[in-house]
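For reference, the structure discussed in these notes is given below.
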Amino acid sequence: MGKIKKKGVAGNASNFITRTQAVRKLQISLPDFRRLCIFKGIYPREPRNKKKANKGSTASTTFYYTKDIQWLLHEPLVQQFREHKIFSKKLTRALGRGDFSEAKRLEALHKPRIKLDHIIRERYPSFIDAIRDLDDALCTIFLFANLPANRDIPASTIATCARLANEFQQWVIRKRALRRSFLSIKGIYYEAEIKGQSVLWLVPYKFAQHVPAEVDFRIMLTFLEWYTTLMGFVLFKLYTLEGLVYPPKFDKALDEQGAGLRAILLEAKKIGQLEAGAAAATPTRDITRPLETLEEKIKQVEEEEKVRRLTGQAEEEDAAAAEANTDDVEQVNEGLDKFTPIVAKDGTTGDILPQPTDDDTNSKTMNMFADFTVFLSRETPREALEFILRSFGCKRIGWDAVLGEGAFTTDDSNPAITHQIVDRPPLAPPAPAADGGDTEMAGGAAAARGKVLGRIYVQPQYIWDCVNAGRVLRPDAYAQGAELPPHLSPWDKSKPGQYDPTAPVEDNGDSEEEEDVEEEEDVSMVTNGENGLDDNDEDSEEEDSEEEEGSGEEDSDEDEEDEDEEDEWAGFDDEEARGIAVPSDDEASDDDDLRHQRELEAEAAGRTVSTSTAAKKSSAKRKAEKAQKAREEELDRQKAMMTKKKRKLYERMEFGNKKRQEEKERLESKRRKIEREKRKSKN
Amino acid sequence: MAPSASTRKRSRAAVEAEKPATSDDEFEIPEINDDDSSEDEDPSTSDEQSEDDEELSSEDEEGDEDDEDIHSDEVPSEDERLPKANGHVNGDASDEQSSAEGLDDDVKIVTGADGNPRYIYPEIDPVYDSDDTDAEETNTIGNIPLEYYENYPHIGYDINGKRIMRPAAGKALDTLLDSIELPKGWTGLLDKNSGAALNLTAEELEIVKKLQRSEITDDGYDPYPDMVEYFTNTVEQMPLSSAPEPKRRFIPSKHEQKRVMKIVKGIREGRIIPRKLQSEEADRPEFYDAWADDAPPKPGHIMNIPAPKLPPPTYDESYIPPPEYLPDEKERKAWEEQDPEDREKNYLPRTHKALRLVPGYKESINERFQRSLDLYLAPRVRRNKLNIDPASLLPTLPPPEELKPFPSTCAAVYRGHEGRVRSVAADPTGLWVATGGDDGTVRVWEIFTGRQVWKLKASSDEAVDSVTWRPTAEGRILAAACGNEILLVVPPIFDPEEESKSKELLSAGFGYAANKQQQQGKKEAPGTWSKPDSDLEEDGVVVTITVRKTVKYIAWHRRGDYFVTVSPDDVRRAVCIHRVSTHSSQTPIKQKSVTKGIPQRVQFHPSKPLLFVATKRYIRIYDLARGELDKTLKPGARWISSIDIHPQGDNLIVGSYDKRLLWHDLDLSTRPYRTLRYHDKGIRAVAFHHGNFPLFCSSSDDGTVQVFHGRVYGDLMENASIVPVKALKGHKVTSHLGVLDVDWHPKQPWLFSAGADGTARFWN
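These protein sequence lines are chains A and B, in that order.
Here this note's numbering is used: the first residue of the first sequence is 1, the next is one more, and so on.
Here this note's numbering is used: the first residue of the second sequence is 1001, the next is one more, and so on.
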């Protein structure tokens, strides 16, 4: 006989602790506890058995893991919070007495500064861990960088965020780490690859943000404090790995003129500057301390800079490159060497190991805009375009003077410009779609529309689609004023069984449908003409899949389960077809029209319209119905024999699948409708 | 003056040296002295004065002859002789003086005892003016109490060593006089020094009196003078002076100055840096290489769940999504009407002609805020996602082909009954089917054609609740329960030989019964066996058994000799076993009350001597051989409607009015092995196929008959597999009643059902 176990000393009862208990145990206030949790990354848990964890009560409470709280007890931050409490008492007393000088003195000298660096290492033992957690940090920092300062958010915080954001972007540009990007209604998504980890962040559009009243900025700022610290350390590491000095030079004057990214000047580390602190200290001093006495010299320097900015081609870049010349050499050395197997005397070689090729294609992709000289019209989002263009190798970006400093050229008539990004409707009515290529445009007409010859005018989406496609696309579809093709998320990879907007939808399985498909292909050629190879690939894939489906139906009798699925598919398709044919009279008339047209076409082609098709169809339909019925019966039978638990699970799964299926059908039917209308309007 | 003083000293010393020598003499004559001294003080003093002079002169004359001096002193009568002696001595001395020095005439030179001249100087008269007279004669005895001198005439000595004589004590008369006339200031005390009466002056007396009253003796001292108010008790409202405290009154603190100097020193030495403001640079966190050691990523703690990343944007979030993602009016409306929390996505897809037309997203901050809340407030749970094909969960059932044959279609409908058809039974030969209905008729139909071949009007007012065929190969006997009568019929549809055989079999018992009755006599049997009416006999009825209450169900034993009936109304004799060969009835289970439940159905075990009695809730299995209860099954149903036993005898199905069909494995447990619940209404009848087919069915008030494939394996380890195969629909539900009875064809997988709609059906 085992020992009788006492209640409430082991298991759920002792592993979990409610929030109130935790706060009491730590002897701090609830807001401090919240801060602590945010900094330390402590989050509530869901006990297996709430009743046991809460001493028999089933009231809904937040539970923490007891060991987490125990761990917090030893946190130096707790002591710092207490010190801060003392300080705030002193401060309020001084303020209450109206002793403002004392308050100022306290604020300046005795305000405890909370340092979080020890937590960085604790939460992220390795650098990769930190990068994995960078998504939220980047999103928050970029959001705050675009917010206006107000009572809740001090201007210095926003400045810090903006600086960190720019520093990060500079690093991404330099490292060519940007992979994909997406224009969403929420903002612009970017995905970068850092140390093999993909990091996704959202940058809101440059608009005054709506600040909802229910947002508690204390929480947001606590997160921000943590994120800025994390970001600083991560950037330091990234810059150091790149052989750059962190923090980089920050040109205040340029920044005030709206230079954005250009205000941050990367600087290669000198050999002597091993110590990070020293490296950080020197450049800032150089920048901030003006040589007041040598005003002329300053002027001279400024002039030089101006000249450089005007004439030089992404001067900073080059300068950085020049400075980091040694780095480049190293990089070349760092690259993989080619291992060629040595042929033995008897003509045999060893096993040839697959070697990661120094991907030419990759570097090509990364520098796809290298030959471009781009000019941004004043209505385009400069920051986003500059960032994305530079991340993909574009060195010469000019823009309208109103967009800020740091442009390669502000003169839109510069003959070096190869591409101009415009986002406004053309002045004159657009030329017919046939002559999409602006290069071949008649000079007079172009000039009349305020265009410069010898350059390509594209809409901003072109850049994003190129980036996501991984190569330079044909600019036809993105010409000024053209109706843009849908912009698709590069991450949304539809799983099998889900709707895929890139794949064509089949209509009813008749000759009519074939026709439809043909037509559709035509359409796609027009719209996604530049997709070229890819499209073909997809098409072939689709064909394959279709074939598979067909074969599945053929050998349906062999495997029951497979048959089930496949049959279901077929069945649904049929149903759907019926569903389309049945619901509205309009559509029925549509069908009639189509049949009539088909007859006419057949007549024209000299074929005889097989009148039996309808009969065949109906018989097939009946057969399908019968099969469907049989399947349903079988399913009912099987379900009847399942245990309750399994049946519930099955039904849940079926529910999800059905929902997905319905969603897919909904989208497909919508698309068919749209395409039909399009065709109609074309005819 | 100095020599005079020294001589005085010397002379005193000489006097004192003489004292002890003279004392002996004095004691000898006290009384005389007493008399002398008591005469008067004043004369004595004057005497002494003169004596002093004489003494001085005598001393000058003879230093050695002190004895004589003293004697002369003592005896005043001898005073006269003294000057003689002195004169003689003086004469000698003056001779020597004048011869030796010739200093003074008064100096007498006397030859001393050693033979040397001795200068005797004359007594110096200090010539005290009036002072001398004032000088009080003081007693020199000091602290010696006065009573020591009580016996002497003197009371002490003066400064010159002369006796101070006791003043003469007054005579009685004097004292009387004194008492009559008290001198002024008389106290009655004696002065210590003088021995005289101590008189006090008026002032002195006053002082003494004041002292006695413990008053201050000073004249004119006022112990209670009027108070002078330097400070008042009234609080002044206004300051006496409004001038601020002048700085000259400030005294700087020395301690503070010390501390200040310490700080000053520290500042001078550079130890203390005043106002080290934390500049912006110092404010910013210092960054360094936190991951300098390049630790490899550790596998996370099992309890640590990293926050899930936000899902990447989907197609419909694009600023130009594919047109099919755009919501139409209906969807938009539905989305807007939804509660924000219920929405699947917090945005509606929308399209824009150009990038410049994309507005700012309103929810940016809110979304980030929600994410922040999720990060620190939402409990994280690891959820296992089943990534399996749902089809894999489905059990693999034998394909329908394997389950075949089973009845699936309605092959014939037997119409003819008026009212409900209560019971249906297939003939063991498989050619006929008998039905009994509410109209009180028993009908026999040809299976395939649905032709009614025979009809018996058993009763005009009672319904035929149950019909069953005797389950043996020979003897075509149909048992029908109509009211409280059980009719054993041989329908005239068989060939005559067989018919007569059957009738013989039934009527054989009449003789036996008669004998028995004779033997037993009184005891009333539960059932009376009798010959029917002549018209009934014509119709083929051979025996009628009358029991007390309405018989609801009849079940035959497999051998066909016994059958058991249930009449639930008769509580004590509900179950009644009848024996055909002896025409006898008995009630093996005698219940005293309804506590154990009213029997609903009974059934014989197909091979063992067991009787299954189903009450409302339980099924009791009685061992007939031993005559005791063997087992009680608890199906868990509320109201059992029917039971049937598998032909192999180890399994049992129970139908209940609470819609459940329960499969009991008798070897397994008293609880059901499977509970099947596919009927919408209560189950009326259940039946196993008693031929070679593993089929069973249940009929219900929902108008369906459900057919199951229930295979029982010979292996004990393997549980029975039950597969639903068919739901036969055809009977109409009339007044909430559906299919009331079912029976299987004895050899074929065919099914007969009796419906409340007045028809019986044949399914194959």
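Using N, Cα and C, we set each Cβ at its ideal position, and we do this for glycine too.
task = Just the chain B side, please: which residues come within less than 8 Å of HIS487 (chain A) by C-beta, in chain order?
result = Within the first sequence, residue 487 (chain A) is the residue found at index 487, counting from 1. The contacting residues are SER1318, TYR1319, ILE1320, PRO1321.
query = Taking the continuous beta strand (DSSP E) assigned at ALA692 (chain A), which residues delimit it?
reply = Chain A is shown from 1 up to 683; residue 692 (chain A) falls before or after that span and cannot be answered.
ask   = ARG694 (chain A) touches chain B at which residues, Cβ-Cβ below 8 Å?
value = As displayed, chain A neither begins before 1 nor continues past 683, which places residue 694 (chain A) out of reach and without an answer.
ask   = Is LYS1353 (chain B) helix, strand or coil when you go by DSSP?
value = Here residue 1353 (chain B) refers to the residue found at position 353 when the second sequence is read from its first residue. Note: LYS1353 (chain B) maps to coil in three-state DSSP.
Residue-chain proximity (ILE1365 (chain B), chain A), Cβ-Cβ < 8 Å = By 1-based counting over the second sequence, the position of residue 1365 (chain B) is 365. Cβ-Cβ to chain A under 8 Å: yes for ILE1365 (chain B).
request  = Would you list the one or two residues that DSSP bridges to THR1472 (chain B)?
outcome  = Your numbering for residue 1472 (chain B) matches position 472 in the second sequence. Looking at the DSSP assignment, THR1472 (chain B) forms no beta bridge with any residue, so it has no partner.
ask   = Out of curiosity, what's the CA-to-CA distance linking PHE217 (chain A) and ILE153 (chain A)?
value = As a first step, residue 217 (chain A) must be located in the first sequence, where it is residue number 217. As a first step, residue 153 (chain A) must be located in the first sequence, where it is residue number 153. Computed Cα separation, rounded: 8 Å.
message = Quick check: what's the CA-CA separation for ILE158 (chain A) versus TYR1325 (chain B)?
response = One-based indexing of the first sequence puts residue 158 (chain A) at position 158. One-based indexing of the second sequence puts residue 1325 (chain B) at position 325. Roughly 37 Å between the two C-alpha positions.
query = Out of A:GLY470, A:VAL343, A:ASP423, which has the shortest C-alpha to C-alpha gap to PHE392 (chain A)?
reply = For this step, residue 392 (chain A) is matched to residue 392 along the first sequence. Checked all of A:GLY470, A:VAL343, A:ASP423; the closest Cα to PHE392 (chain A) is A:GLY470.
key: Contact under 8 Å by Cβ, GLN1748 (chain B) with GLY1430 (chain B)   = In the second sequence, the residue the question calls residue 1748 (chain B) occupies position 748. In the second sequence, the residue the question calls residue 1430 (chain B) occupies position 430. Yes.
Under 9 Å by beta carbon: chain A residues contacting SER1502 (chain B) = If you number the second sequence from 1, residue 1502 (chain B) lands on position 502. What SER1502 (chain B) touches in chain A: nothing, since even the nearest Cβ is about 44 Å away.
ask   = Do you know how far the Cα of LEU200 (chain A) is from the Cα of GLU260 (chain A)?
value = The residue given as residue 260 (chain A) occupies position 260 in the first sequence. The residue given as residue 200 (chain A) occupies position 200 in the first sequence. Note that residue 260 (chain A) is Gly in the sequence shown here, rather than Glu. Distance between the alpha carbons of GLY260 (chain A) and LEU200 (chain A): 21 Å.
query = DSSP state of ILE714 (chain A), grouped into three classes?
reply = The structure shown does not extend to residue 714 (chain A), since chain A spans only 1 to 683, so no value can be given for it.
inquiry  = At the 8 Å Cβ level, is THR1314 (chain B) part of the contact set with chain A, yes or no?
reply    = Counting from 1 along the second sequence, the entry for residue 1314 (chain B) is found at position 314. Answer yes: the Cβ-Cβ gap between THR1314 (chain B) and chain A drops below 8 Å somewhere.
ask   = Under a Cβ-count criterion, where at least 16 other Cβ atoms within 10 Å of its own Cβ denotes burial, should THR140 (chain A) be classed as buried or exposed?
value = Sequence index remark: in the first sequence, residue 140 (chain A) carries index 140 (1-based). THR140 (chain A) should be labelled buried.
query = What's the C-alpha gap between ASN150 (chain A) and GLN79 (chain A)?
reply = Translated into positions along the first sequence, residue 150 (chain A) becomes position 150. Translated into positions along the first sequence, residue 79 (chain A) becomes position 79. Going from the Cα of ASN150 (chain A) to the Cα of GLN79 (chain A) covers about 30 Å.
query = Which of the residues in the region 120-132 of chain A, read from start to end, lie with their CB under 9 Å from any CB of chain B?
reply = ILE120, ARG121, TYR124, PRO125, SER126, PHE127, ILE128, ASP129, ALA130, ARG132
THR140 (chain A): contacting residues in chain B (beta-carbon distance under 7 Å) = Indexing the first sequence from 1 puts residue 140 (chain A) at position 140. By Cβ distance, chain B contributes ARG1368.
message = Tell me which residue opens and which closes the beta strand (DSSP E) that VAL467 (chain A) is part of.
response = Position 467 of the first sequence, counted from the first residue, corresponds to residue 467 (chain A). Run containing VAL467 (chain A): none in the beta strand (DSSP E); it sits in the alpha helix (DSSP H), 460-469.
inquiry  = Looking only at its chain, what residues have a beta carbon closer than 6 Å to the beta carbon of ALA1093 (chain B), apart from the 5 residues adjacent to it on each side?
reply    = What you label residue 1093 (chain B) is simply residue 93 of the second sequence in a count that begins at 1. With a pLDDT of only 42 at ALA1093 (chain B), under the threshold of 50, the placement of this residue in the model should not be trusted, and no figure is reported.
ask   = Where HIS84 (chain A) and PRO112 (chain A) are concerned, what is the direct C-alpha to C-alpha distance, given to the nearest angstrom?
value = Indexing the first sequence from 1 puts residue 84 (chain A) at position 84. Indexing the first sequence from 1 puts residue 112 (chain A) at position 112. Cα-Cα distance, rounded: 6 Å.
ask   = How many angstroms separate the CA atom of ALA173 (chain A) from the CA atom of ARG390 (chain A)?
value = One-based indexing of the first sequence puts residue 173 (chain A) at position 173. One-based indexing of the first sequence puts residue 390 (chain A) at position 390. The question names Ala, but residue 173 (chain A) is Ile in the sequence shown. In a straight line, the C-alpha of ILE173 (chain A) is about 6 Å away from that of ARG390 (chain A).
ask   = Got a sec? Which residues, its chain only, sit under 7 Å from THR58 (chain A) by beta carbon, not counting five neighbours each side?
value = If you number the first sequence from 1, residue 58 (chain A) lands on position 58. Within the same chain, THR58 (chain A) has close Cβ partners LYS50, LYS51.
query = If we ignore side chains and look at the alpha-carbon of each, how far apart do GLU1341 (chain B) and LYS175 (chain A) end up?
reply = On the second sequence, residue 1341 (chain B) is found 341 positions in, with the first residue counted as 1. On the first sequence, residue 175 (chain A) is found 175 positions in, with the first residue counted as 1. Cα to Cα, GLU1341 (chain B) sits roughly 42 Å from LYS175 (chain A).
task = For SER57 (chain A), name the three-state secondary structure that DSSP assigns.
result = As a first step, residue 57 (chain A) must be located in the first sequence, where it is residue number 57. Correct three-state label for SER57 (chain A): coil.
key: Within-8 Å CB hit, ARG1371 (chain B) to chain A   = Taking the second sequence and counting its residues from 1, the one referred to as residue 1371 (chain B) is at position 371. By this cut-off, ARG1371 (chain B) is an interface position.
request  = List the DSSP bridge partners of TYR1157 (chain B).
outcome  = Along the second sequence, read from residue 1 onward, the residue named residue 1157 (chain B) stands at position 157. In the DSSP output, where bridge partners are listed per residue, TYR1157 (chain B) has B:ARG1163.
query = Under 8 Å between C-beta atoms, does LEU178 (chain A) make it to chain B?
reply = Looking up residue 178 (chain A) in the first sequence gives position 178. Closer than 8 Å: no.
message = Which residues in chain B have a C-beta closer than 7 Å to the C-beta of GLN21 (chain A)? List them in chain order.
response = For the purposes of this step, residue 21 (chain A) is identified with residue 21 of the first sequence, where counting begins at 1. By Cβ distance, chain B contributes nothing, its closest Cβ being about 16 Å from GLN21 (chain A), past 7 Å.
query = Taking the alpha carbon of ALA213 (chain A) as the point to measure from, which residue in B:VAL1551, B:ASN1366, B:PRO1299, B:ASP1439 has its own alpha carbon closest?
reply = Numbered from 1 along the first sequence, position 213 holds the residue referred to as residue 213 (chain A). Among B:VAL1551, B:ASN1366, B:PRO1299, B:ASP1439, the Cα nearest to that of ALA213 (chain A) belongs to B:ASN1366.
message = Measuring straight from C-alpha to C-alpha, what distance separates GLU1474 (chain B) and ALA620 (chain A)?
response = Numbered from its first residue, the second sequence carries residue 1474 (chain B) at position 474. Numbered from its first residue, the first sequence carries residue 620 (chain A) at position 620. The straight-line gap from Cα to Cα measures roughly 54 Å.
Chain B contacts from the region 179-191 of chain A (Cβ-Cβ distance under 7 Å) = PHE182, LEU183, SER184, ILE185, LYS186, GLY187, TYR189
message = Could you check whether the Cβ of PRO1568 (chain B) sits closer than 8 Å to any Cβ belonging to chain A?
response = Your numbering for residue 1568 (chain B) matches position 568 in the second sequence. Closer than 8 Å: no.
query = Nearest-angstrom Cα distance between ILE1388 (chain B) and VAL1381 (chain B)?
reply = Residue 1388 (chain B) sits at position 388 when you count from the first residue of the second sequence. Residue 1381 (chain B) sits at position 381 when you count from the first residue of the second sequence. Each residue's Cα considered, the two are about 21 Å apart.
ask   = Interface residues of chain B around PRO248 (chain A) at Cβ under 8 Å?
value = In the first sequence, counting from the first residue as 1, residue 248 (chain A) sits at position 248. Neighbours of PRO248 (chain A) on chain B: none; closest Cβ ~12 Å, over 8 Å.
key: Spatial distance of ARG474 (chain A) from LEU1386 (chain B) (CA atoms)   = If you number the first sequence from 1, residue 474 (chain A) lands on position 474. If you number the second sequence from 1, residue 1386 (chain B) lands on position 386. Their Cα atoms are separated by approximately 44 Å.
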